[in-house]
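S.K.: What the sequence shown shows, in UniProt numbering, is residues 1 to 200, in sequence order.
Before anything else, here's the structure in question.
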Amino acid sequence: MNAANLIPHPAEALILARTNPAAIERARRVRLMAFDVDGVLTDGRLWYSEQGEAVKSFHVLDGHGLRLLRENGIAVALVTGRQGVIVPRRAAELGISLVYQNARDKAAVLSELAQAENLELDQIGFMGDDIIDMQAMQRVGFAASVPGAPSYVAHIAHWVSTAPGGGGAARECCDLLLAAQGKLGACLNAGVSRLTGAIQ
Numbered sequence: 001m002n003a004a005n006l007i008p009h010p011a012e013a014l015i016l017a018r019t020n021p022a023a024i025e026r027a028r029r030v031r032l033m034a035f036d037v038d039g040v041l042t043d044g045r046l047w048y049s050e051q052g053e054a055v056k057s058f059h060v061l062d063g064h065g066l067r068l069l070r071e072n073g074i075a076v077a078l079v080t081g082r083q084g085v086i087v088p089r090r091a092a093e094l095g096i097s098l099v100y101q102n103a104r105d106k107a108a109v110l111s112e113l114a115q116a117e118n119l120e121l122d123q124i125g126f127m128g129d130d131i132i133d134m135q136a137m138q139r140v141g142f143a144a145s146v147p148g149a150p151s152y153v154a155h156i157a158h159w160v161s162t163a164p165g166g167g168g169a170a171r172e173c174c175d176l177l178l179a180a181q182g183k184l185g186a187c188l189n190a191g192v193s194r195l196t197g198a199i200q
């Protein structure tokens, strides 16, 4: 919200009007947002070349959302159960240094992150979509998921995107966090003049 009059930007107002007040309050406290990769930042499908290397498809809307979080004081982490060269490369493009691969216990990773970043777990958010994500989602202050997640995973989330994983779900989450914290309007008012580097 604008500090001068506490009136939200129209885009913020639109997002907040469509969101459960309890989820907004949780999103307001987030200082670090962690994302699963497969099924959240991608559509969950894996493509293999003849050499057996997995190929992942990322959405530029999601990438820009992650950058907006970082530029507005919300740290970003990627926490995935898989191991490969693609995720660190994408993270490097977005300036994300907190990358955890082969993470079988994601709740433990987030606990370690909280300690390292001097945060409480209720100041951390996590967006996941499968069984391996559930314990972490239950541990953090703000748990998000995607519409393609199994119902029992989405059920424990505080908020579920309308966009699919790999198709703008993470950006929708980023916009909610920024709107809840009154920071989205400034991003929109700054327009292209605020953009740095390549569109991601």
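Virtual Cβ for every residue (Gly too), placed ideally from N, Cα, C.
Values in this document were obtained by computation on a predicted structure and should not be read as measured data.
Could you spell out where the beta strand (DSSP E) holding Leu78 opens and where it closes?
M.R.: Within the sequence shown, residue 78 is the residue found at index 78, counting from 1. Segment 75-79, the beta strand (DSSP E) holding Leu78.
S.K.: Below 7 Å CB to CB, which residues in the same chain sit around Gln83 once its five sequence neighbours on both sides are set aside?
M.R.: Here the question's residue 83 lines up with position 83 in the sequence shown. Beyond the five residues adjoining it in sequence on each side, Gln83 comes within less than 7 Å, by CB distance, of Gln101, Asn102 in the same chain, given in chain order.
S.K.: Leaving out the 5 sequence neighbours to the left and right, which residues in its chain are closer than 8 Å to Leu119 when beta-carbon positions are compared?
M.R.: What you label residue 119 is simply residue 119 of the sequence shown in a count that begins at 1. Excluding sequence neighbours, Leu119 sits near Arg31, Leu32, Leu113.
S.K.: Return the chain-ordered list of same chain residues with a C-beta closer than 8 Å to the C-beta of Gly95, the five sequence neighbours on each side being excluded.
M.R.: Counting from 1 along the sequence shown, the entry for residue 95 is found at position 95. Contacts found: Arg67, Arg70.
S.K.: Here's a check: name, in chain order, each residue in its chain whose Cβ is nearer than 6 Å to the Cβ of Gly185, leaving out the five neighbours to either side.
M.R.: Here residue 185 corresponds to residue number 185 of the sequence shown, with the count starting at 1. Excluding positions up to five away in sequence, the list reads His9, Glu12.
S.K.: Starting from Ala34, trace the beta strand (DSSP E) both ways and give me its first and last residue.
M.R.: In the sequence shown, residue 34 corresponds to position 34, counting from 1. Element bounds for Ala34: 32-35.
S.K.: How long is the line joining the alpha carbons of Leu178 and Phe126, rounded to whole angstroms?
M.R.: The sequence position of residue 178 within the sequence shown is 178, counting from 1. The sequence position of residue 126 within the sequence shown is 126, counting from 1. If you take the alpha carbons of Leu178 and Phe126, they lie about 15 Å apart.
S.K.: Tell me which residue opens and which closes the alpha helix (DSSP H) that Ile86 is part of.
M.R.: Residue 86 sits at position 86 when you count from the first residue of the sequence shown. Start and end: 86-94.
S.K.: Is DSSP giving Val153 helix, strand or coil here?
M.R.: In the sequence shown, counting from the first residue as 1, residue 153 sits at position 153. Helix at Val153.
S.K.: If we call anything under 8 Å between Cβ atoms a contact, is Val60 one with Val146?
M.R.: By 1-based counting over the sequence shown, the position of residue 60 is 60. By 1-based counting over the sequence shown, the position of residue 146 is 146. The beta carbons of Val60 and Val146 sit no closer together than 8 Å.
S.K.: Between the alpha carbons of Ala27 and Gly44, how many angstroms are there, rounded?
M.R.: Here the question's residue 27 lines up with position 27 in the sequence shown. Here the question's residue 44 lines up with position 44 in the sequence shown. Taking the straight line joining both Cα atoms gives about 25 Å.
S.K.: In angstroms, rounded to a whole number, what distance separates the CA positions of Ser151 and Ile131?
M.R.: For the purposes of this step, residue 151 is taken as the residue at position 151 of the sequence shown. For the purposes of this step, residue 131 is taken as the residue at position 131 of the sequence shown. Taking the straight line joining both Cα atoms gives about 11 Å.
S.K.: Measure from the alpha carbon of Ala77 to the alpha carbon of each residue in Phe58, Lys56, Tyr48, Val109, then state which is nearest.
M.R.: One-based indexing of the sequence shown puts residue 77 at position 77. That would be Val109, whose Cα lies nearest to the Cα of Ala77.
S.K.: Secondary structure at Leu69, three-state DSSP: helix, strand or coil?
M.R.: Position 69 of the sequence shown, counted from the first residue, corresponds to residue 69. Three-state result, Leu69: helix.
S.K.: Could you have a look at Ser111 and say whether DSSP puts it in helix, strand or coil?
M.R.: Along the sequence shown, one-based indexing puts residue 111 at 111. Ser111: helix per DSSP, three-state reduction.
S.K.: With Ala179 as the anchor, note down where its alpha helix (DSSP H) starts and where it stops.
M.R.: Stepping through the sequence shown from its first residue, residue 179 is reached at position 179. Here the alpha helix (DSSP H) through Ala179 covers 169-180.
S.K.: Would Glu172 be called buried (16 or more neighbouring beta carbons within 10 Å of its own) or exposed?
M.R.: Position 172 of the sequence shown holds residue 172. Under this definition Glu172 is a buried residue.
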